[in-house]
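J.:
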Amino acid sequence: SRLSLAIFYSCNSAQAERIEQLLRGSPEVVPHPLLMLGVFAELQLNRMMDLLNEVHKVCDVNKLQFDCSWDSSRTRSLGFLVRDHNAKLREGNFKAMEAEEEMRAVRAQLKEMADHIDEQRKSWGKKEFPNDMDSITDRFKGRFREIDMELDGLMAQCRIAAQQQLYAGALFMSEISRLEAVASRHQAGHSTFLALVATCFLPVTSVATIFAVPAFKFDNAWVNDRFKPVGDPRDSGDELSSPSDQGKPVFSGYGIIFILISATLTGTTFLVWLWQKKRLAREEEMVVEMGQNTTSAPLAPAAEKYGGQGRASPASQPRIYDNQDYAGPASQHGVDHGQRKGSSSPGSNSLFSPPQAQLTTFKNIKSHLTSLPFLKAGKYTQNTREMHNRRYPRNGSAV
């Protein structure tokens, strides 16, 4: 009988129980020389599973803390939450990457072990071990392949855990961005309200400042609450005297002028603001409508002309020209594009469509563009027409 002796260091109670369980479950493999390698592979697989469980715990705790962090967002600043979140995210990613590297190293060790088994199997003699050793060796190799596949699945779970951390972090940051956007919107609303209030007071204060200039010195025509004259400062000989001496509620008769001018300026300011707002809205609608027309409508006449069914327009066909297919010198290349060598008609619809059809399509597009409101009777239309005439004269030659 043969005996295998080995000592495992730094094993905890769970690993020792696992070794005893493996030996009790397969007593026929005890005398095999690959016993210790098999036990080592099983222990490594259990260690990788425990490492993956730790990664999952860290990731789950991080996700729970991210969800609960919003409850304390009222008492803690967003900057502190972001720093705490980034630190936990780095920890989770580091754990997942470290576990994946450990599993990759274990897979490399298992591969070397499988190669070593093949080499040792060749060196073993037939009389050195019983015949059933080959079947046990095949069992070890099959178990190593299973462990390799399990490690591959564990590595995939590590990558998924890391991606979940990144996804949770992206959701966390998007929620913070949403809160900041909501806060910015509220601040913009407050700023708009303050600007509106300032717009109401600005004409009034401007008129008051102008009337306070010494050039606009009005006589103190004081009236009471019923707009009846109260006293006359000229009787006292003091132009700066106030009606407070009479002991009656008074109001300057020129105050109505101040109110009318201020109200007129305030109303004018609001009307100008509304007109500017509507003008910008009309310009935006015009730009959207113009983009829709220029992308779809200019090609409609060409599509109607060429049927649209089973017959493609020259604008949609590949433009391939061969200088040798056209008769005439190179200087007169654009005089008669339709007459090609071997063609039956000048305007035949073939893969080599003549540029004359392209010119017709361009004219249709140009006529549609000139019909748009923003291009009517303008300098841009005139310049476009002149450029087109120079490039495509009426006789068909191209400059």
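Heads up: the sequence shown runs through residues 1 to 399, numbered per full-length UniProt numbering. Beta carbons are placed, not taken as given, at the ideal position from N, Cα and C, and that holds for glycine. Since the model is a prediction, treat every value here as computed from it, not as a measurement.
Thinking C-alpha only, which one of 57, 282, 179 is nearest residue 400?
T.: Since the first residue of the chain shown is 1 and the last is 399, residue 400 is not available in this structure.
J.: Using only alpha-carbon positions, find the residue among 83, 143, 54, 136 that is nearest to residue 100.
T.: Counting from one through the sequence shown, the residue named residue 100 turns up at place 100. That would be 54, whose Cα lies nearest to the Cα of residue 100.
J.: What number of angstroms, rounded off, separates the C-alpha of residue 122 from the C-alpha of residue 15?
T.: As a first step, residue 122 must be located in the sequence shown, where it is residue number 122. As a first step, residue 15 must be located in the sequence shown, where it is residue number 15. If I take the Cα positions, the gap works out to 33 angstroms.
J.: Is residue 161 closer than 7 angstroms to residue 11 when the C-beta atoms are compared?
T.: Numbered from 1 along the sequence shown, position 11 holds the residue referred to as residue 11. Numbered from 1 along the sequence shown, position 161 holds the residue referred to as residue 161. In this structure, residue 161 does not lie closer than 7 angstroms to residue 11 by Cβ.
J.: How long is the line joining the alpha carbons of residue 8 and residue 43, rounded to whole angstroms?
T.: By one-based count along the sequence shown, residue 8 stands at place 8. By one-based count along the sequence shown, residue 43 stands at place 43. Straight-line Cα distance between these residues: approximately 11 angstroms.
J.: Starting from residue 10, trace the alpha helix (DSSP H) in both directions and tell me its first and last residue.
T.: Within the sequence shown, numbered from 1, the residue matching residue 10 stands at position 10. Careful: residue 10 lies outside any alpha helix (DSSP H) and carries neither H nor E.
J.: Within the chosen definition, does the segment 137-157 reach the segment 98-113 through at least 3 CB pairs nearer than 8 angstroms?
T.: Short answer: they touch.
J.: Pick helix, strand or coil for residue 56, following the three-state DSSP scheme.
T.: As a working mapping, residue 56 is identified with position 56 in the sequence shown. Helix, per DSSP.
J.: Measuring only the C-alpha atoms, how far is residue 167 from residue 159?
T.: Mapped onto the sequence shown, residue 167 falls at position 167. Mapped onto the sequence shown, residue 159 falls at position 159. Going from the Cα of residue 167 to the Cα of residue 159 covers about 12 angstroms.
J.: In chain order, what are the residue ranges of uninterrupted alpha helix (DSSP H) at least 4 long that sit wholly in the segment 14-39?
T.: None, since the segment 14-39 contains no complete alpha helix (DSSP H) of that length.
J.: Just to check my reading of the structure: residue 269 and residue 199 have Cβ atoms closer than 8 angstroms, yes? What is that Cβ distance to the nearest angstrom?
T.: Here residue 269 refers to the residue found at position 269 of the sequence shown. Here residue 199 refers to the residue found at position 199 of the sequence shown. Going by Cβ atoms, the distance from residue 269 to residue 199 rounds to 6 angstroms, so yes, they are a contact pair.
J.: Between the Cα of residue 40 and those of 51, 110, 30, spot the shortest distance and give me the residue it belongs to.
T.: Along the sequence shown, one-based indexing puts residue 40 at 40. Selected option, being the one with the closest Cα: 110.
J.: Alpha carbon to alpha carbon, how far is residue 284 from residue 208? Give it in angstroms, no decimals.
T.: Position 208 of the sequence shown, counted from the start, is the residue given in the question as residue 208. Position 284 of the sequence shown, counted from the start, is the residue given in the question as residue 284. Rounded to the nearest angstrom, the two C-alpha atoms are 39 angstroms apart.
J.: Helix, strand or coil: how does DSSP classify residue 214 here?
T.: Along the sequence shown, one-based indexing puts residue 214 at 214. It is coil, neither helix nor strand.
J.: Report the option in 197, 118, 136 whose CA atom is closest to the CA atom of residue 28.
T.: Here residue 28 refers to the residue found at position 28 when the sequence shown is read from its first residue. It is 136.
J.: Is it buried or exposed, residue 257, if we count other Cβ atoms within 10 angstroms and call 16 or more buried?
T.: Indexing the sequence shown from 1 puts residue 257 at position 257. It counts as exposed.
J.: Please check the pair residue 117 and residue 34, which I expect to be a contact at CB under 8 angstroms, by giving their CB distance rounded to whole angstroms.
T.: As a position in the sequence shown, residue 117 is number 117, starting the count at 1. As a position in the sequence shown, residue 34 is number 34, starting the count at 1. Residue 117 to residue 34, Cβ: 7 angstroms. Contact.
J.: On the three-state DSSP scale, how would you describe residue 228?
T.: On the sequence shown, residue 228 is found 228 positions in, with the first residue counted as 1. Residue state, collapsed to three classes: coil.
J.: Taking only the alpha-carbon atoms, compute the straight-line gap between residue 263 and residue 204 and give it to the nearest angstrom.
T.: One-based indexing of the sequence shown puts residue 263 at position 263. One-based indexing of the sequence shown puts residue 204 at position 204. Each residue's alpha carbon lies about 8 angstroms from the other.
J.: Going by beta-carbon coordinates alone, are residue 113 and residue 48 separated by less than 7 angstroms?
T.: In the sequence shown, counting from the first residue as 1, residue 113 sits at position 113. In the sequence shown, counting from the first residue as 1, residue 48 sits at position 48. No, these two residues do not count as a Cβ contact at 7 angstroms.
J.: Do you know how far the Cα of residue 201 is from the Cα of residue 485?
T.: Past the edges of the chain, shown from 1 to 399, lies residue 485, and the structure says nothing about it.
J.: Classify residue 167 as helix, strand or coil using the three-state DSSP reduction.
T.: Here the question's residue 167 lines up with position 167 in the sequence shown. Helix, per DSSP.
J.: Within 10 Å of its beta-carbon, does residue 196 have 16 or more other beta-carbons around it, so buried, or fewer, so exposed?
T.: Taking the first residue of the sequence shown as 1, we reach residue 196 at position 196. Flag for residue 196 reads exposed.
J.: Residue 85: which of 108, 173, 30 sits nearest, CA to CA?
T.: As a first step, residue 85 must be located in the sequence shown, where it is residue number 85. The shortest C-alpha separation from residue 85 is found at 173.
J.: Kindly give me the distance between the Cβ atoms of residue 83 and residue 46, rounded to whole angstroms, as I take these residues to be in contact under 8 angstroms.
T.: Working through the sequence shown from its first residue, we reach residue 83 at position 83. Working through the sequence shown from its first residue, we reach residue 46 at position 46. Actually they do not touch by this definition, with Cβ atoms about 37 angstroms apart.
J.: Distance check for residue 105 and residue 115, CA to CA, integer angstroms please.
T.: As a first step, residue 115 is located in the sequence shown; it is residue number 115 there, counting from the start. As a first step, residue 105 is located in the sequence shown; it is residue number 105 there, counting from the start. Going by the C-alpha atoms only, they are around 16 angstroms apart.
J.: So, using beta-carbon positions, are residue 169 and residue 89 closer together than 7 angstroms?
T.: The residue given as residue 169 occupies position 169 in the sequence shown. The residue given as residue 89 occupies position 89 in the sequence shown. Going by C-beta atoms, residue 169 is nearer than 7 angstroms to residue 89.
J.: Rounded to whole angstroms, what is the Cα-Cα separation between residue 51 and residue 165?
T.: The count along the sequence shown starts at 1 and reaches residue 51 at position 51. The count along the sequence shown starts at 1 and reaches residue 165 at position 165. Rounded to whole angstroms, residue 51 to residue 165 spans 17 angstroms at the Cα level.
J.: With 16 as the cutoff for other CB atoms within 10 Å, does residue 190 come out buried or exposed?
T.: On the sequence shown, position 190 is the one that residue 190 refers to. Its Cβ having fewer than 16 others within 10 Å, residue 190 is exposed.
J.: Using the Cβ count rule (16 or more neighbours within 10 Å means buried), how would you classify residue 291?
T.: For the purposes of this step, residue 291 is taken as residue 291 along the sequence shown, with counting starting at 1. With fewer than 16 Cβ atoms within 10 Å of its Cβ, residue 291 is classed as exposed.
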